[in-house]
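All letters in the sequence shown, in the order written, are residues 1 to 183 by our numbering.
Ideal Cβ placement from N, Cα and C applies to all residues, glycine included.
As the structure is a prediction and not an experimental result, all values here were calculated from the model.
Below is one structure, written out as structure tokens; the observations come after it.
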Amino acid sequence: MTQLPHRKTVLHFAYGADMNPEQIVERCSGAKVVAVARLPDHALSFHGHSQVWDGGEEAAVPRPGRDLYGVVYRLTPSDADRLDAAQGVRLNGTGGYFHFPAEVIGLDGSRWSVVLHKKDVLREFRRPSREYLDFIIRGAEFHGLPAEYVDGLRAIEAGPASYAVPRRTVEQFRILSTSSCAC
Numbered sequence: 001m002t003q004l005p006h007r008k009t010v011l012h013f014a015y016g017a018d019m020n021p022e023q024i025v026e027r028c029s030g031a032k033v034v035a036v037a038r039l040p041d042h043a044l045s046f047h048g049h050s051q052v053w054d055g056g057e058e059a060a061v062p063r064p065g066r067d068l069y070g071v072v073y074r075l076t077p078s079d080a081d082r083l084d085a086a087q088g089v090r091l092n093g094t095g096g097y098f099h100f101p102a103e104v105i106g107l108d109g110s111r112w113s114v115v116l117h118k119k120d121v122l123r124e125f126r127r128p129s130r131e132y133l134d135f136i137i138r139g140a141e142f143h144g145l146p147a148e149y150v151d152g153l154r155a156i157e158a159g160p161a162s163y164a165v166p167r168r169t170v171e172q173f174r175i176l177s178t179s180s181c182a183c
């Protein structure tokens, strides 16, 4: 994200690993939880391959009649930039994810205009590693997502990672240790 002088905060909808407080605090120290919410007509799926988690990467995909639950965070512009960089969002379109503006509905019925990260190219479906899915589930439980939704996460088929996860690269540590624009 390019930092604009008039932009004070960003509302970001996290639906996967960024729901886990361990990860969001590592990436965005100033993140504030605004609400637990759902994105109508979408679902969580896994595609491509995550080097960090050794399995499919999280993706928000259209699914009529389904709800994708997650957490709305209020981010500072620098935290939003760091989150974009960590997730591979690029303003020039070359990243693995892009900004997707959406309206989500809070558990109390309130509506929030947010941005979320969607995969640019889904690639083939691939089951996530058990470790990755468990990390996502811990975040969902921490934030009190509906029990039925969490049970649905537990029912997703996953396999064991073939190496110790999460595996972070030197580049990922560099991104997470500096505030940088993802462009």
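Taking residue i as the reference, which of the options has the closest Cα?
i: R168; options: R27, K8, V71; result: R27
i: G16; options: E103, K119, T94, R123; result: K119
i: G95; options: L83, A102, I105, V104; result: L83
i: P101; options: L116, Q87, G109; result: L116
i: Y132; options: L153, L122, G144, V121; result: L153
i: A60; options: V52, V104, V33; result: V104
i: D41; options: A147, R127, P62, P77; result: P62
i: S129; options: H47, E141, V33; result: H47
i: A158; options: A14, F13, W53, A31; result: W53
Classify residue i as buried or exposed, calling it buried when 16 or more other Cβ atoms lie within 10 Å of its own Cβ.
i: Y73; result: buried
i: L107; result: exposed
i: G56; result: buried
i: D79; result: buried
i: V10; result: buried
i: G109; result: exposed
i: P64; result: exposed
i: V121; result: exposed
i: A161; result: buried
i: A164; result: exposed
Give the straight-line distance between the Cα atoms of residue i and residue j, rounded to the nearest whole angstrom.
i: R111; j: S50; result: 32 Å
i: A155; j: G88; result: 28 Å
i: V150; j: K8; result: 33 Å
i: H143; j: D18; result: 11 Å
i: P77; j: R126; result: 33 Å
i: E141; j: D134; result: 10 Å
i: I137; j: Q23; result: 13 Å
i: G30; j: R123; result: 33 Å
task: Decide yes or no for the touch test of the segment 58-72 against the segment 27-43: beta carbon pairs closer than 8 Å, at least 3 of them.
output: yes
task: Quick one: which unbroken alpha helix (DSSP H) runs of 4-plus residues sit fully inside the segment 48-105? Chain order, please.
output: 77-87
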